[in-house]
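Participant:
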């Protein structure tokens, strides 16, 4: 090797080292942190973006809840002109009221029937559509139609079908010797409101169940089929455990739906009757506040129902985030 080459190469190497010291390579950790964290030009911009949602939450949720809690501790006259602080007397009177306790147990029974019936029927239809190869789009569209119907309209629709005098279904039942009159029979009235509420909620549950079944890797289904598992066994041993988080989420959502969103169905179909057989907590709150003008009792019942929903929400956020790992 010539002497000139031996002198030039170390010099070039030293120059490269000095260049690296002057301009060090960026750290991978710094690049990752800077790319994953949003940067705003103004420190007030994040607060401005969140402000509309906060305003809506305060006006339509926190403020009414605070007023309900305040009125539940007061004795308010029917027109709201005067009030007197009574502490927890409204709650004590509430849990000594036999009509309220009956409405409480009616709500539990009604919510359980609506929730579990709706989940089972929706899961059954989702499994059938997931198994269908041809025409699945048609069945999906058909299952979504009840979701476009308002709850009160759904109740009126089924009232026409179950009308004791001219209803199509009641005429069919009469051919077999069964007399239908939900205005006088408490069991038939409960069946009507449960049936209408479940029919209205089927589409919502179907969407989530069908999406969950579609997200299961086909390789797992094919491997189970190769091992000799039939469709029913694959569903109970493979599909059902994998969609457990979605099932729990829908369980909480349907309970809240039965507590609140079924009010139009009950009001249009039975008005809480007969003899308060279909009077749930939400409907009793409406009767106490708007018909009986007892604002204090209505507010106390609202607070009790609010705490029930808060408990369900906490349970949902605590357990619904469980992940499924495919192995």
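Numbering (UniProt numbering), first residue to last: 1 to 327.
Virtual Cβ for every residue (Gly too), placed ideally from N, Cα, C.
1. What residues in its chain sit with their C-beta under 7 Å from that of residue 27, if we drop five residues either side in the sequence?
2. So, with DSSP's three-state summary, where would you put residue 260?
3. With three or more C-beta pairs closer than 8 Å as the rule, is the stretch 292 to 309 touching the stretch 273 to 284?
4. What is the rounded straight-line gap between the Cα of residue 189 and the Cα of residue 314?
5. Is it the case that the Cβ atoms of residue 154 and residue 253 are separated by a distance below 8 Å?
6. Going by DSSP, which residues form a beta bridge with residue 74?
7. In angstroms with no decimal places, state the Cα-to-Cα distance between residue 286 and residue 272.
8. Just to confirm, is the Cβ distance from residue 201 to residue 257 under 8 Å?
9. What whole-angstrom Cβ distance do residue 111 and residue 198 have, given they're in contact under 8 Å?
10. Just how far apart, CA to CA, sit residue 312 and residue 177?
11. Looking at the secondary structure, which residues open and close the alpha helix (DSSP H) in which residue 44 lies?
12. How many angstroms separate the CA atom of residue 30 from the CA atom of residue 249?
13. Would you grab the beta carbon distance between residue 297 and residue 90 for me? Rounded to a whole angstrom, and I think it's under 8 Å.
14. Mark residue 99 as exposed unless 16 or more other C-beta atoms lie within 10 angstroms of its C-beta, in which case mark it buried.
15. Mind pulling the beta strand (DSSP E) runs of 3 or more residues that sit fully within the stretch 157 to 208?
16. If I measure Cβ to Cβ from residue 295 and keep anything under 7 Å in the same chain, skipping five residues before and after, which residues do I get?
17. Scan the stretch 230 to 301 and note each continuous alpha helix (DSSP H) run of 4 residues or more that stays entirely inside, going in chain order.
Facilitator: The relevant details are as follows:
1. The residue labelled residue 27 in the question sits at position 27 within the chain shown. For residue 27, the pLDDT reaches just 47, beneath the cut-off of 50, and the residue's location in the model is therefore unreliable, although a value from the coordinates is still provided. Cβ neighbours of residue 27 beyond the five flanking positions: none.
2. Start at 1 with the first residue of the chain shown, and residue 260 comes out as number 260. It is helical.
3. yes
4. What you label residue 189 is simply residue 189 of the chain shown in a count that begins at 1. What you label residue 314 is simply residue 314 of the chain shown in a count that begins at 1. When rounded, the distance between both Cα atoms is 33 Å.
5. Counted from its first residue, the chain shown places residue 154 at position 154. Counted from its first residue, the chain shown places residue 253 at position 253. Against a cut-off of 8 Å, the Cβ pair of residue 253 and residue 154 comes out as no contact.
6. Reading the chain shown from its first residue, position 74 is the one you call residue 74. Bridge partners of residue 74: 85.
7. Numbered from its first residue, the chain shown carries residue 286 at position 286. Numbered from its first residue, the chain shown carries residue 272 at position 272. Cα-Cα distance, rounded: 11 Å.
8. Start at 1 with the first residue of the chain shown, and residue 201 comes out as number 201. Start at 1 with the first residue of the chain shown, and residue 257 comes out as number 257. The answer is yes: Cβ separation under 8 Å.
9. Counting from one through the chain shown, the residue named residue 111 turns up at place 111. Counting from one through the chain shown, the residue named residue 198 turns up at place 198. Contact doesn't hold; Cβ gap of about 12 Å is too wide.
10. Residue numbering aside, residue 312 sits at position 312 when the chain shown is read from its first letter. Residue numbering aside, residue 177 sits at position 177 when the chain shown is read from its first letter. Those two C-alpha atoms are separated by around 43 Å.
11. As a first step, residue 44 is located in the chain shown; it is residue number 44 there, counting from the start. It is not in any alpha helix (DSSP H) - residue 44 carries neither H nor E in the DSSP assignment.
12. Start at 1 with the first residue of the chain shown, and residue 30 comes out as number 30. Start at 1 with the first residue of the chain shown, and residue 249 comes out as number 249. Note that residue 30 scores a pLDDT of 44, beneath 50, so its modelled location is shaky and nothing firm can be said.
13. Taking the chain shown and counting its residues from 1, one reaches residue 297 at position 297. Taking the chain shown and counting its residues from 1, one reaches residue 90 at position 90. Yes, residue 297 and residue 90 are in contact; Cβ-Cβ is about 6 Å, under 8 Å.
14. Locating residue 99 in the chain shown gives position 99, counting from the first residue. Per the 10 Å Cβ criterion, exposed.
15. none
16. Residue numbering aside, residue 295 sits at position 295 when the chain shown is read from its first letter. Only 71, 76, 80, 289 meet the Cβ criterion.
17. 231 to 234, 244 to 256, 263 to 269, 281 to 286
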